[in-house]
Amino acid sequence: MASLSLSTWQIHELCILDWIFAIECIWQFGIYKKNKIFLLISNILILFLISGICILNWHYHNNYYQLRWLIDFQAFFTLLANLLCALILAVRSKSQDESSFFKTKNFQ
């Protein structure tokens, strides 16, 4: 393992578990409210989770040079998730009525 302290590793691992819990809560809230936006946001958060797991694996293997592709994966997933978040924000800002963004009429 990389030269991170045990408590730092524990915090990183707990953050991963926290992300999984948050994704599940947002997904369940989207189902409860019958709102596709929350379901979409929870799916985008999975990309951020994958990004975090990539970089943690690289650190776990002591920043091994042959695993540098994990850094590229991490950057790609972070960029993709950020672009999708920006797309959601753009769609929301273009909606006629701000409150219609969270309406349930389009849920199937």
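Those letters in the sequence shown? Residues 37 to 144, by the working numbering. Built from N, CA and C at the ideal position, the CB exists for glycine as well.
Contact between the segment 86-97 and the segment 106-114 is present, with at least three C-beta pairs closer than 8 Å.
The beta carbon of W55 lies closer than 8 Å to those of L81, F84, L85, G88 in the same chain, with the five residues before and after it left out. Look at the beta carbons and you see the segment 88-100 not touching the segment 69-78: under three pairs across the two are nearer than 8 Å. Non-local C-beta neighbours of I107 in its own chain, meaning closer than 8 Å and more than five positions away in sequence, comprise C90, I91, W94, ordered along the chain.
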